[in-house]
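Taking UniProt numbering, the leading residue of the sequence shown gets 1, the next gets one more, and so forth.
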Amino acid sequence: MQTSILLKLRHYCAYQERSHSEVKTKSLELGLRGDEIDEVIAALIADNFLNEERFARAYAGGKFRSQKWGRKKILAGLRQHQVSAYCIKKGMEEIDDEDYMDVLQSLIEKKYASLKGEQYLKRQYKTTQYLLQKGYEPELVSDILKQIAKDGL
């Protein structure tokens, strides 16, 4: 294994948290194959450049706080990165239930208010679709929308 490739991968991992699958892909791009990839990943883990739980926590927390993603979309993203079930569970703990509901409430209110000229059902539909696309649970969206409609926002 070449030290220059290991150095490149260390920089790659130091820049931001990476998943094992991202490092594997990058290793392939750099020309490593088979056992070499496993050796590099083991070395990065040993040097604490690569940590799946840390990645899951950073990914879940970051996507929720900066992009306001819902739990379903974050979960799908972590699965796409081939993160283990244990680490997914740890990552999802980064999302506080109270903060989650506050963000959902404000997103619904903002989207619903932006559709003021629309008919009632179309407004409800578009708001629901927007939040489902962001990964929020349909039952939570529905409950809050009913409350907003009842309050007459």
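Here a beta-carbon is modelled for each residue, glycine too, at the ideal position from N, C-alpha and C.
Original post:
Are residue 19 and residue 55 touching if we call contact CB-CB under 7 Å?
Top reply: yes
Subject >> Buried versus exposed, by CB contacts within 10 Å (16 or more), residue 59 >> reply: buried
Original post:
Is residue 141 helix, strand or coil when you go by DSSP?
Top reply: helix
Subject >> Assigned secondary structure, residue 83 (DSSP; H/G/I helix, E/B strand, else coil) >> reply: Residue 83: coil per DSSP, three-state reduction.
**OP:** Take residue 9 as the anchor and find which of 39, 16, 23 has the nearest alpha-carbon.
**Re:** Residue 9 has its Cα closest to that of 23, out of 39, 16, 23.
Subject >> Candidates 93, 37, 113, 51: closest to residue 61 by CA position >> reply: 93
**OP:** Please determine, among 7, 151, 135, 98, the residue with the shortest C-alpha to C-alpha distance to residue 77.
**Re:** 135
Subject >> Nearest to residue 112 (by Cα), restricted to the options 102, 101, 124, 103 >> reply: 124
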